[in-house]
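J.: For reference, each letter of the sequence shown is one residue, going 1 to 168 in UniProt numbering.
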Amino acid sequence: MNALYDELPIETVGRFIRSAPVDLDALASALNLQVVYRPLQQVMISGSPESVAGKIEKIDSRGQFRITINSSDSQRRQRFTLAHEIAHYVLHRGMIGDGVTDHGLYRSRLGNQIETQANRYAADMLMPAALVKAEWKNGNRSINVLARKFNVSEDAMRIRLGQLGFGA
1 MNALYDELPI ETVGRFIRSA PVDLDALASA LNLQVVYRPL QQVMISGSPE
51 SVAGKIEKID SRGQFRITIN SSDSQRRQRF TLAHEIAHYV LHRGMIGDGV
101 TDHGLYRSRL GNQIETQANR YAADMLMPAA LVKAEWKNGN RSINVLARKF
151 NVSEDAMRIR LGQLGFGA
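#1: Using a Cβ-Cβ cut-off of 6 Å (strictly less than) and excluding sequence neighbours within five positions of Arg77, which residues of its own chain qualify?
#2: Exposed or buried, which one is Glu11 when buried takes at least 16 other CB atoms within 10 Å?
#3: By the three-class DSSP mapping on this structure, what secondary structure does residue 172 have?
#4: Do Thr68 and Arg93 have their beta-carbon atoms positioned less than 9 Å apart in this structure?
#5: Grouping DSSP H, G and I as helix and E and B as strand, with all else coil, what is Gln64?
#6: I believe Asp25 touches Ala53 by the beta-carbon criterion, under 8 Å. Please report the beta-carbon distance rounded to the nearest angstrom.
#7: Use the C-beta contact count for Ala83: other C-beta atoms within 10 angstroms, 16 or more gives buried, fewer gives exposed.
#8: So, with DSSP's three-state summary, where would you put Arg18?
#9: Quick check: what's the CA-CA separation for Arg148 versus Asp124?
#10: Give the C-beta separation of Ser51 and Gln42 to the nearest angstrom, bearing in mind that I take them to be a contact with Cβ-Cβ under 8 Å.
#11: Is Pro21 closer than 9 Å to Val90 when the C-beta atoms are compared?
#12: Indicate the three-state DSSP secondary structure (helix, strand or coil) for Leu161 in the structure shown.
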């Protein structure tokens with residue numbers, strides 16, 4: 001892989017985060033990611049059943065990836081999950097392959113760091129700092145209204161506002 005290839009997905013993401021709500025399906029398509037929505041079964045993690053919101057997997061030797069989103073989840077949860085899985089593609093795609101999905105990464109010793117990175121990047125995609133700050137500066141300080149504008153949960157918006165230094 002050359003440096004240009006490594007930078008390309010980040011540049012592509014940048015073109016899609018200029019207005020809210022971010023069109024994640026169009027972004028996934030621009031990144032040549034297949035996205036499938038279907039019910040997903042629980043998996044056993046450390047002996048306990050856990051629900052699965054989504055997963056990303058490498059599906060062929062040419063580097064094609066598929067993201068599967070749990071269609072049983074709420075629409076806003078599905079959006080966050082799609083952003084999270086796109087983040088795994090942008091940040092960690094070199095680690096996913098040969099039968100290793102993000103579930104395998106999650107269970108690895110690097111799992112917490114990788115999941116934290118994907119969650120943070122997902123929040124950055126869904127609620128770009130510049131757009132949230134502009135809304136706040138323009139007097140839009142209702143968590144409910146901001147959450148609807150960015151099509152995220154109120155909890156996600158509350159966390160994002162805290163990350164950006166706005167008391168929510």
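Built from N, CA and C at the ideal position, the CB exists for glycine as well.
T.: Well, looking at it:
#1: Here residue 77 refers to the residue found at position 77 when the sequence shown is read from its first residue. Closer than 6 Å at Cβ, skipping near neighbours: no residue.
#2: Within the sequence shown, residue 11 is the residue found at index 11, counting from 1. By the 10 Å Cβ count, Glu11 comes out exposed.
#3: The question about residue 172 has no answer here: the residues shown for the chain are numbered 1 through 168.
#4: Numbered from 1 along the sequence shown, position 93 holds the residue referred to as residue 93. Numbered from 1 along the sequence shown, position 68 holds the residue referred to as residue 68. No, these two residues do not count as a Cβ contact at 9 Å.
#5: Here the question's residue 64 lines up with position 64 in the sequence shown. In this structure, Gln64 counts as coil in the three-state DSSP scheme.
#6: The count along the sequence shown starts at 1 and reaches residue 25 at position 25. The count along the sequence shown starts at 1 and reaches residue 53 at position 53. About 17 Å; that fails the 8 Å criterion.
#7: Residue 83 sits at position 83 when you count from the first residue of the sequence shown. With 16 or more other Cβ atoms within 10 Å, it is buried.
#8: If you number the sequence shown from 1, residue 18 lands on position 18. Arg18: coil per DSSP, three-state reduction.
#9: Residue numbering aside, residue 148 sits at position 148 when the sequence shown is read from its first letter. Residue numbering aside, residue 124 sits at position 124 when the sequence shown is read from its first letter. Their Cα atoms are separated by approximately 16 Å.
#10: Numbered from 1 along the sequence shown, position 51 holds the residue referred to as residue 51. Numbered from 1 along the sequence shown, position 42 holds the residue referred to as residue 42. Confirmed, about 5 Å.
#11: The residue labelled residue 90 in the question sits at position 90 within the sequence shown. The residue labelled residue 21 in the question sits at position 21 within the sequence shown. No, Cβ-Cβ distance for Val90 and Pro21 is not below 9 Å.
#12: The residue labelled residue 161 in the question sits at position 161 within the sequence shown. Helix, per DSSP.
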